[in-house]
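Trainee:
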Amino acid sequence: MAMALSERHLAFLAMLGAATIYGTNFSLSRYGILGGLTPNDMTALRFAVSGSILLPLFLRAGIRDCAGIGWGRALVLTTMSGLPMTLLMMQGLAWSPAAHGAAIGPGTVTVIGAIGGFFLFGIKPPRMVVLGIVVVVAGLALIGLAASTSGARNIILGDLCFLAVGLIWGGFPLLQQLWKVDPLKATAVLSVLSAAMFMPYYLSTDLRHLADIPWQTIAFHAINLGVLNAIVGLWLWGWAVAKIGAVVSGRFPPLIPVIGALSAIPLLGEWPGAMQWAGIGLIVGGLLITTLNRAR
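Going letter by letter, the sequence shown gives residues 237 to 532 in our numbering.
As C-alpha coordinates, then:
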(Lines of atoms letter the chains of each structure in order from A and count residues from 1; the text may use other names and numbers.)
(Lines give C-alpha, C1' and ligand atoms only; values in the text may rest on other atoms or scores of the structure.)
Protein backbone atom coordinates (compact mmCIF):
# COMPACT_ATOMS: atom_id res chain seq x y z
CA MET A 1 0.00 0.00 0.00
CA ALA A 2 2.86 2.35 0.87
CA MET A 3 4.44 1.65 -2.51
CA ALA A 4 1.13 2.36 -4.26
CA LEU A 5 0.75 5.64 -2.39
CA SER A 6 4.33 6.58 -3.17
CA GLU A 7 3.87 5.91 -6.88
CA ARG A 8 0.63 7.86 -6.91
CA HIS A 9 2.30 10.85 -5.28
CA LEU A 10 5.19 10.62 -7.72
CA ALA A 11 2.70 10.50 -10.60
CA PHE A 12 1.07 13.70 -9.38
CA LEU A 13 4.50 15.33 -9.17
CA ALA A 14 5.33 14.06 -12.66
CA MET A 15 2.12 15.52 -14.08
CA LEU A 16 2.76 18.80 -12.29
CA GLY A 17 6.30 18.78 -13.67
CA ALA A 18 5.08 18.22 -17.22
CA ALA A 19 2.50 21.00 -16.92
CA THR A 20 5.21 23.31 -15.56
CA ILE A 21 7.55 22.46 -18.45
CA TYR A 22 4.86 23.14 -21.04
CA GLY A 23 3.49 26.23 -19.29
CA THR A 24 6.81 27.97 -18.69
CA ASN A 25 8.00 27.16 -22.22
CA PHE A 26 5.89 30.01 -23.60
CA SER A 27 7.59 32.55 -21.33
CA LEU A 28 11.07 31.07 -21.69
CA SER A 29 10.84 30.92 -25.48
CA ARG A 30 9.61 34.50 -25.72
CA TYR A 31 12.41 35.53 -23.37
CA GLY A 32 14.92 33.94 -25.74
CA ILE A 33 13.41 35.62 -28.79
CA LEU A 34 13.33 39.04 -27.13
CA GLY A 35 16.96 38.41 -26.13
CA GLY A 36 18.17 38.11 -29.70
CA LEU A 37 17.37 34.58 -30.86
CA THR A 38 15.05 34.35 -33.86
CA PRO A 39 12.07 32.02 -34.31
CA ASN A 40 14.25 30.05 -36.74
CA ASP A 41 17.00 29.76 -34.10
CA MET A 42 14.54 28.43 -31.52
CA THR A 43 13.07 25.96 -33.99
CA ALA A 44 16.52 24.72 -34.98
CA LEU A 45 17.54 24.27 -31.34
CA ARG A 46 14.46 22.18 -30.62
CA PHE A 47 14.81 19.77 -33.50
CA ALA A 48 18.60 19.61 -33.77
CA VAL A 49 18.77 18.47 -30.14
CA SER A 50 15.68 16.25 -29.96
CA GLY A 51 16.35 14.81 -33.42
CA SER A 52 19.93 13.90 -32.48
CA ILE A 53 18.91 12.29 -29.19
CA LEU A 54 16.02 10.32 -30.70
CA LEU A 55 17.80 9.34 -33.95
CA PRO A 56 18.97 5.96 -32.54
CA LEU A 57 15.38 5.10 -31.59
CA PHE A 58 14.21 6.12 -35.07
CA LEU A 59 16.88 3.98 -36.75
CA ARG A 60 16.25 1.01 -34.46
CA ALA A 61 12.53 1.12 -35.23
CA GLY A 62 13.25 0.98 -38.97
CA ILE A 63 13.68 3.50 -41.77
CA ARG A 64 11.91 1.47 -44.46
CA ASP A 65 8.47 1.96 -42.90
CA CYS A 66 9.43 5.06 -40.87
CA ALA A 67 9.50 3.39 -37.45
CA GLY A 68 6.46 1.28 -38.29
CA ILE A 69 4.25 4.33 -38.79
CA GLY A 70 4.52 4.57 -42.58
CA TRP A 71 6.03 7.50 -44.44
CA GLY A 72 2.71 9.04 -45.45
CA ARG A 73 1.32 9.04 -41.93
CA ALA A 74 4.67 10.14 -40.50
CA LEU A 75 4.73 13.21 -42.73
CA VAL A 76 1.17 14.09 -41.71
CA LEU A 77 2.02 13.75 -38.00
CA THR A 78 5.16 15.83 -38.52
CA THR A 79 2.99 18.55 -40.03
CA MET A 80 0.60 18.36 -37.09
CA SER A 81 3.11 18.47 -34.23
CA GLY A 82 6.53 19.07 -35.76
CA LEU A 83 8.17 21.76 -37.85
CA PRO A 84 5.15 23.88 -38.96
CA MET A 85 3.66 23.97 -35.47
CA THR A 86 6.93 24.99 -33.83
CA LEU A 87 7.67 27.70 -36.40
CA LEU A 88 4.17 29.13 -35.93
CA MET A 89 4.46 29.10 -32.16
CA MET A 90 7.87 30.79 -32.16
CA GLN A 91 6.72 33.43 -34.62
CA GLY A 92 3.65 34.02 -32.47
CA LEU A 93 5.87 34.50 -29.43
CA ALA A 94 7.92 37.05 -31.35
CA TRP A 95 4.78 39.15 -31.84
CA SER A 96 2.41 38.44 -28.97
CA PRO A 97 2.59 38.09 -25.15
CA ALA A 98 3.47 34.69 -23.75
CA ALA A 99 0.19 34.52 -21.79
CA HIS A 100 -1.73 34.67 -25.07
CA GLY A 101 0.13 31.65 -26.42
CA ALA A 102 -0.30 29.69 -23.19
CA ALA A 103 -4.07 30.28 -23.27
CA ILE A 104 -4.96 30.27 -26.98
CA GLY A 105 -3.01 27.13 -27.92
CA PRO A 106 -4.34 24.72 -25.25
CA GLY A 107 -7.81 26.27 -25.49
CA THR A 108 -8.02 25.68 -29.23
CA VAL A 109 -6.66 22.14 -28.83
CA THR A 110 -9.56 21.31 -26.50
CA VAL A 111 -12.13 22.57 -29.00
CA ILE A 112 -10.53 20.66 -31.89
CA GLY A 113 -10.27 17.54 -29.74
CA ALA A 114 -13.99 17.54 -28.99
CA ILE A 115 -15.01 18.25 -32.59
CA GLY A 116 -12.56 15.71 -34.00
CA GLY A 117 -13.57 13.09 -31.44
CA PHE A 118 -17.18 13.39 -32.59
CA PHE A 119 -16.45 13.12 -36.31
CA LEU A 120 -13.63 10.53 -36.15
CA PHE A 121 -14.77 8.31 -33.28
CA GLY A 122 -18.45 9.13 -32.87
CA ILE A 123 -17.88 10.39 -29.32
CA LYS A 124 -20.78 12.64 -28.43
CA PRO A 125 -19.61 15.10 -25.75
CA PRO A 126 -21.81 15.48 -22.66
CA ARG A 127 -23.65 18.75 -22.18
CA MET A 128 -21.19 19.98 -19.57
CA VAL A 129 -18.29 19.33 -21.95
CA VAL A 130 -20.10 21.35 -24.61
CA LEU A 131 -20.59 24.10 -22.02
CA GLY A 132 -16.88 24.01 -21.24
CA ILE A 133 -16.03 24.34 -24.93
CA VAL A 134 -18.39 27.31 -25.27
CA VAL A 135 -16.66 28.96 -22.29
CA VAL A 136 -13.24 28.31 -23.88
CA VAL A 137 -14.40 29.85 -27.17
CA ALA A 138 -15.71 32.88 -25.25
CA GLY A 139 -12.29 33.24 -23.62
CA LEU A 140 -10.54 32.99 -26.98
CA ALA A 141 -12.87 35.64 -28.38
CA LEU A 142 -12.19 37.93 -25.42
CA ILE A 143 -8.42 37.66 -25.88
CA GLY A 144 -8.90 38.32 -29.59
CA LEU A 145 -11.01 41.37 -28.77
CA ALA A 146 -8.34 42.64 -26.38
CA ALA A 147 -5.73 42.26 -29.12
CA SER A 148 -7.87 44.00 -31.74
CA THR A 149 -8.54 46.99 -29.47
CA SER A 150 -4.89 47.33 -28.43
CA GLY A 151 -3.99 48.87 -31.77
CA ALA A 152 -0.94 46.59 -32.06
CA ARG A 153 -1.10 44.75 -35.38
CA ASN A 154 1.69 42.38 -34.36
CA ILE A 155 -0.31 41.10 -31.38
CA ILE A 156 -3.20 40.19 -33.67
CA LEU A 157 -0.82 38.37 -36.02
CA GLY A 158 0.77 36.58 -33.07
CA ASP A 159 -2.61 35.47 -31.74
CA LEU A 160 -3.50 34.16 -35.20
CA CYS A 161 -0.28 32.13 -35.13
CA PHE A 162 -1.30 30.67 -31.76
CA LEU A 163 -4.74 29.88 -33.13
CA ALA A 164 -3.15 28.05 -36.07
CA VAL A 165 -0.91 26.16 -33.62
CA GLY A 166 -3.98 25.00 -31.70
CA LEU A 167 -5.79 23.98 -34.87
CA ILE A 168 -3.00 21.73 -36.17
CA TRP A 169 -1.78 20.61 -32.73
CA GLY A 170 -5.31 19.55 -31.83
CA GLY A 171 -5.35 17.14 -34.75
CA PHE A 172 -2.18 15.34 -33.65
CA PRO A 173 -3.57 13.26 -30.73
CA LEU A 174 -6.66 12.44 -32.77
CA LEU A 175 -4.60 10.97 -35.60
CA GLN A 176 -2.26 9.34 -33.10
CA GLN A 177 -5.24 7.58 -31.55
CA LEU A 178 -6.83 6.76 -34.91
CA TRP A 179 -3.62 5.21 -36.25
CA LYS A 180 -2.59 3.71 -32.87
CA VAL A 181 0.86 5.28 -32.94
CA ASP A 182 3.22 4.85 -29.98
CA PRO A 183 3.83 8.32 -28.44
CA LEU A 184 7.61 7.95 -28.09
CA LYS A 185 7.97 6.63 -31.64
CA ALA A 186 5.84 9.50 -32.90
CA THR A 187 8.07 11.98 -31.06
CA ALA A 188 11.20 10.37 -32.50
CA VAL A 189 9.82 10.43 -36.03
CA LEU A 190 8.59 14.02 -36.02
CA SER A 191 11.82 15.22 -34.35
CA VAL A 192 14.10 13.47 -36.84
CA LEU A 193 12.02 14.38 -39.90
CA SER A 194 11.65 18.00 -38.77
CA ALA A 195 15.41 18.26 -38.26
CA ALA A 196 16.07 16.70 -41.67
CA MET A 197 13.71 19.14 -43.38
CA PHE A 198 14.69 22.30 -41.53
CA MET A 199 18.38 22.12 -40.62
CA PRO A 200 19.80 22.27 -44.19
CA TYR A 201 17.81 25.44 -44.83
CA TYR A 202 18.65 26.93 -41.44
CA LEU A 203 22.40 26.31 -41.81
CA SER A 204 22.35 28.04 -45.20
CA THR A 205 21.06 31.30 -43.68
CA ASP A 206 23.03 34.16 -42.13
CA LEU A 207 23.82 33.08 -38.56
CA ARG A 208 26.31 35.81 -37.64
CA HIS A 209 23.95 37.20 -35.00
CA LEU A 210 24.57 34.08 -32.89
CA ALA A 211 28.09 35.35 -32.17
CA ASP A 212 26.54 38.13 -30.05
CA ILE A 213 24.55 35.71 -27.89
CA PRO A 214 26.25 34.01 -24.90
CA TRP A 215 26.75 30.29 -25.40
CA GLN A 216 25.10 29.68 -22.02
CA THR A 217 21.89 31.25 -23.36
CA ILE A 218 21.95 29.06 -26.46
CA ALA A 219 22.66 25.95 -24.36
CA PHE A 220 19.82 26.79 -21.96
CA HIS A 221 17.25 27.07 -24.74
CA ALA A 222 18.62 23.96 -26.45
CA ILE A 223 18.02 21.99 -23.24
CA ASN A 224 14.61 23.56 -22.58
CA LEU A 225 13.30 23.03 -26.10
CA GLY A 226 15.11 19.91 -27.29
CA VAL A 227 15.26 17.92 -24.05
CA LEU A 228 12.65 19.15 -21.56
CA ASN A 229 9.79 19.99 -23.93
CA ALA A 230 10.38 17.46 -26.68
CA ILE A 231 11.33 14.46 -24.53
CA VAL A 232 11.14 14.83 -20.74
CA GLY A 233 7.71 16.49 -20.64
CA LEU A 234 6.27 13.79 -22.89
CA TRP A 235 7.80 11.01 -20.80
CA LEU A 236 6.59 12.50 -17.51
CA TRP A 237 3.08 12.91 -18.88
CA GLY A 238 2.98 9.38 -20.31
CA TRP A 239 4.38 7.80 -17.13
CA ALA A 240 1.89 9.65 -14.94
CA VAL A 241 -1.03 8.63 -17.15
CA ALA A 242 0.08 5.00 -16.83
CA LYS A 243 0.15 5.30 -13.02
CA ILE A 244 -2.95 7.37 -12.24
CA GLY A 245 -4.97 6.89 -15.42
CA ALA A 246 -6.31 9.24 -18.07
CA VAL A 247 -9.24 10.22 -15.82
CA VAL A 248 -7.14 11.88 -13.12
CA SER A 249 -4.36 13.07 -15.41
CA GLY A 250 -6.93 14.82 -17.60
CA ARG A 251 -7.42 17.37 -14.83
CA PHE A 252 -3.94 18.87 -15.18
CA PRO A 253 -4.03 20.66 -18.61
CA PRO A 254 -5.84 23.72 -17.17
CA LEU A 255 -2.65 24.44 -15.22
CA ILE A 256 -0.73 25.21 -18.43
CA PRO A 257 -2.37 28.60 -19.17
CA VAL A 258 -2.11 29.58 -15.50
CA ILE A 259 1.59 28.71 -15.30
CA GLY A 260 2.23 30.38 -18.65
CA ALA A 261 0.55 33.64 -17.62
CA LEU A 262 2.08 33.76 -14.13
CA SER A 263 5.62 32.91 -15.27
CA ALA A 264 5.52 35.73 -17.84
CA ILE A 265 5.09 38.33 -15.08
CA PRO A 266 8.49 38.00 -13.34
CA LEU A 267 10.39 36.78 -16.41
CA LEU A 268 9.09 39.21 -19.02
CA GLY A 269 7.28 41.87 -17.03
CA GLU A 270 4.14 41.10 -19.06
CA TRP A 271 1.08 41.85 -16.96
CA PRO A 272 -2.14 40.87 -18.75
CA GLY A 273 -4.78 43.60 -18.85
CA ALA A 274 -8.23 43.19 -17.32
CA MET A 275 -9.76 41.88 -20.56
CA GLN A 276 -6.85 39.49 -21.08
CA TRP A 277 -7.14 38.16 -17.52
CA ALA A 278 -10.86 37.65 -18.09
CA GLY A 279 -10.16 35.75 -21.32
CA ILE A 280 -7.50 33.60 -19.66
CA GLY A 281 -9.85 32.96 -16.75
CA LEU A 282 -12.63 31.85 -19.09
CA ILE A 283 -10.28 29.51 -20.94
CA VAL A 284 -8.99 27.96 -17.71
CA GLY A 285 -12.56 27.64 -16.41
CA GLY A 286 -13.71 26.07 -19.67
CA LEU A 287 -10.79 23.63 -19.61
CA LEU A 288 -11.67 22.69 -16.03
CA ILE A 289 -15.31 22.07 -16.91
CA THR A 290 -14.30 20.04 -19.95
CA THR A 291 -11.64 17.88 -18.31
CA LEU A 292 -13.55 17.24 -15.08
CA ASN A 293 -16.65 16.13 -16.97
CA ARG A 294 -14.70 14.03 -19.46
CA ALA A 295 -13.27 12.25 -16.47
CA ARG A 296 -16.65 10.94 -15.33
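Glycine included, each C-beta is placed from N, C-alpha and C at the ideal position. These numbers come from a predicted model, not from an experiment.
Distance, Cα to Cα, Leu399 vs Ser265?
Mentor: Numbered from its first residue, the sequence shown carries residue 399 at position 163. Numbered from its first residue, the sequence shown carries residue 265 at position 29. Straight-line Cα distance between these residues: approximately 17 Å.
Trainee: Between which two residues does the alpha helix (DSSP H) harbouring Ala431 extend?
Mentor: As a first step, residue 431 must be located in the sequence shown, where it is residue number 195. First-last of the alpha helix (DSSP H) with Ala431: Pro419 to Leu439.
Trainee: Would you kindly check if the distance between the Cβ of Leu403 and the Cβ of Ile348 is under 8 Å?
Mentor: For the purposes of this step, residue 348 is taken as the residue at position 112 of the sequence shown. For the purposes of this step, residue 403 is taken as the residue at position 167 of the sequence shown. It is a contact, given that the beta carbons lie within the stated cut-off.
Trainee: Mark Pro333 as exposed unless 16 or more other C-beta atoms lie within 10 angstroms of its C-beta, in which case mark it buried.
Mentor: Residue mapping note: residue 333 aligns to position 97 of the sequence shown, counting from 1. Pro333 is buried by the Cβ-count criterion.
Trainee: Can you check the stretch 313-386 for any alpha helix (DSSP H) of at least 4 residues that lies completely inside it and give the ranges in chain order?
Mentor: 319-331, 334-357 and 363-385
Trainee: With distances taken between CB atoms, is the gap from Val401 to Leu313 smaller than 8 Å?
Mentor: The residue labelled residue 401 in the question sits at position 165 within the sequence shown. The residue labelled residue 313 in the question sits at position 77 within the sequence shown. Contact: no.
Trainee: Quick check: what's the CA-CA separation for Gly253 versus Ile516?
Mentor: Within the sequence shown, residue 253 is the residue found at index 17, counting from 1. Within the sequence shown, residue 516 is the residue found at index 280, counting from 1. Whole-angstrom Cα-Cα distance: 21 Å.
Trainee: DSSP on Glu506, reduced to helix/strand/coil?
Mentor: On the sequence shown, residue 506 is found 270 positions in, with the first residue counted as 1. DSSP places Glu506 in coil when its eight states are reduced to three.
Trainee: Grouping DSSP H, G and I as helix and E and B as strand, with all else coil, what is Ile467?
Mentor: Here residue 467 corresponds to residue number 231 of the sequence shown, with the count starting at 1. In this structure, Ile467 counts as helix in the three-state DSSP scheme.
Trainee: Here's the rule I'm using: 16 or more other beta-carbon atoms within 10 Å means buried, otherwise exposed. How should Asn465 be labelled?
Mentor: Residue numbering aside, residue 465 sits at position 229 when the sequence shown is read from its first letter. Counting C-beta atoms within 10 angstroms of its own C-beta, Asn465 has 16 or more neighbours from the protein chains shown and is therefore classed as buried.
Trainee: By how many angstroms is the C-alpha of Ala500 removed from the C-alpha of Phe283?
Mentor: Along the sequence shown, one-based indexing puts residue 283 at 47. Along the sequence shown, one-based indexing puts residue 500 at 264. Spanning the two alpha carbons is a distance of roughly 24 Å.
Trainee: Given this structure, state the Cα-to-Cα distance separating Ser288 from Val425, to the nearest angstrom.
Mentor: Along the sequence shown, one-based indexing puts residue 288 at 52. Along the sequence shown, one-based indexing puts residue 425 at 189. C-alpha separation (whole angstroms): 11 Å.
Trainee: Keeping to the same chain, check which residues put their C-beta closer than 7 Å to that of Ser317; ignore five residues upstream and five downstream.
Mentor: Within the sequence shown, numbered from 1, the residue matching residue 317 stands at position 81. Answer for Ser317: Trp405, Phe408 and Leu426, listed in chain order.
Trainee: Does the distance from the C-beta atom of Ile269 to that of Leu329 stay below 8 Å?
Mentor: By one-based count along the sequence shown, residue 269 stands at place 33. By one-based count along the sequence shown, residue 329 stands at place 93. Yes. Within cutoff.
Trainee: So, under 8 Å CB-CB, Leu461 and Met321 are touching, yes? Tell me the CB distance rounded to an integer number of Å.
Mentor: Indexing the sequence shown from 1 puts residue 461 at position 225. Indexing the sequence shown from 1 puts residue 321 at position 85. 13 Å between Cβ atoms; not a contact.
Trainee: How would you write the range of the alpha helix (DSSP H) that Arg282 sits in, first residue to last?
Mentor: Position 46 of the sequence shown, counted from the start, is the residue given in the question as residue 282. Where Arg282 is concerned, the enclosing alpha helix (DSSP H) stretches over Pro275 to Ala297.
Trainee: Using three-state DSSP, classify Pro450 as helix, strand or coil.
Mentor: On the sequence shown, position 214 is the one that residue 450 refers to. Three-state result, Pro450: coil.
Trainee: Our contact map puts Ile525 next to Gly368 with C-beta atoms below 8 Å; I'd like the distance itself, whole angstroms only.
Mentor: The residue you call residue 525 lines up with position 289 of the sequence shown. The residue you call residue 368 lines up with position 132 of the sequence shown. Right, the Cβ-Cβ distance comes to about 3 Å (below 8 Å), so this counts as a contact.
Trainee: Please state whether the Cβ-Cβ distance between Ala335 and Ala497 is less than 8 Å.
Mentor: Working through the sequence shown from its first residue, we reach residue 335 at position 99. Working through the sequence shown from its first residue, we reach residue 497 at position 261. In contact: Ala335 and Ala497 (Cβ atoms closer than 8 Å).
Trainee: Taking Cβ positions, are Gly337 and Gly522 nearer each other than 8 Å?
Mentor: Translated into the one-based positions of the sequence shown, residue 337 becomes position 101. Translated into the one-based positions of the sequence shown, residue 522 becomes position 286. No, they are not a contact pair.
Trainee: Would you kindly report the start and end of the unbroken alpha helix (DSSP H) that includes Cys302?
Mentor: For the purposes of this step, residue 302 is taken as residue 66 along the sequence shown, with counting starting at 1. Careful: Cys302 lies outside any alpha helix (DSSP H) and carries neither H nor E.
Trainee: Just mark Trp507 as buried or exposed, buried being the case when its beta carbon has 16 or more other beta carbons within 10 Å.
Mentor: Taking the sequence shown and counting its residues from 1, the one referred to as residue 507 is at position 271. Flag for Trp507 reads exposed.
Trainee: Taking the straight line between their C-alpha atoms, what separation do you get for His457 and Trp475?
Mentor: If you number the sequence shown from 1, residue 457 lands on position 221. If you number the sequence shown from 1, residue 475 lands on position 239. Cα to Cα, His457 sits roughly 24 Å from Trp475.
Trainee: Nearest-angstrom Cα distance between Leu443 and Ser263?
Mentor: What you label residue 443 is simply residue 207 of the sequence shown in a count that begins at 1. What you label residue 263 is simply residue 27 of the sequence shown in a count that begins at 1. Distance between the alpha carbons of Leu443 and Ser263 is about 24 Å.
Trainee: For Gly177, which three-state DSSP category applies?
Mentor: This structure does not reach residue 177, given that the chain is present from 237 up to 532, and the question cannot be answered.
Trainee: Is Phe262 helix, strand or coil when you go by DSSP?
Mentor: Taking the sequence shown and counting its residues from 1, one reaches residue 262 at position 26. Note: Phe262 maps to helix in three-state DSSP.
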